[in-house]
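Since the structure comes first, as C-alpha cells, the remarks are kept for the end.
Numbering (my numbering), first residue to last: 82 to 178.
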C-alpha cells in the first residue's frame, strides 16, 4: 500500500461554468482521486472573484480549494488531467507539511 500524503489543490474554474455545475467538476476530480487510492478530505467553494489580469481571455473565475490525501506517484497524472480539463483555467497542487 502506498503512503498517502496531504495535498492542497486550488483551482480556478472558468466563469462559463455555472455555479450549479461547480459540484459536478469537484465530483469528477474526487472520483479521479478515489480511483487512485486517495480521498478528498474537504472542498471549499470560495466563489467568483475578479482577476488582476485576464487569464485565457476571462476577467473572473470561480475559486475552489480542496484538501486531498493522495499517493505521491499519482500527483503527476492528476496535474496532467487537470491541465487538459477545459473548465479549469488554472490549478495549483501543493504538498502540505
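Note that CB positions come from ideal geometry on N, CA and C, so glycine has one too. Source: prediction; values computed, not measured.
When the options are compared against residue i, the one with the closest alpha-carbon
{"i": "residue 223", "options": "156, 131, 103", "result": "This structure cannot settle anything about residue 223, because the visible part of the chain is limited to 82 through 178."}
{"i": "residue 128", "options": "140, 93, 120", "result": "93"}
Identity of the residues DSSP links to residue i by a beta bridge
{"i": "residue 89", "result": "148, 175"}
{"i": "residue 170", "result": "Answer by DSSP bridge pairing: none, since residue 170 is not bridged."}
{"i": "residue 94", "result": "143, 169"}
Contact check, residue i vs residue j, beta carbons under 8 Å
{"i": "residue 179", "j": "residue 90", "result": "Because the chain in this structure spans residues 82 to 178, residue 179 falls outside the shown range and cannot be described."}
{"i": "residue 86", "j": "residue 153", "result": "yes"}
Same chain, Cβ closer than 6 Å to residue i, neighbours up to 5 away in sequence not counted
{"i": "residue 83", "result": "152"}
{"i": "residue 104", "result": "none"}
Beta carbon proximity, residue i to chain C, threshold 8 Å
{"i": "residue 155", "result": "Chain labels in this structure do not include chain C; a single protein chain is all it has."}
Legend entry - Segments of 4+ residues assigned as alpha helix (DSSP H) that fall wholly inside the stretch 114 to 168: 156 to 165
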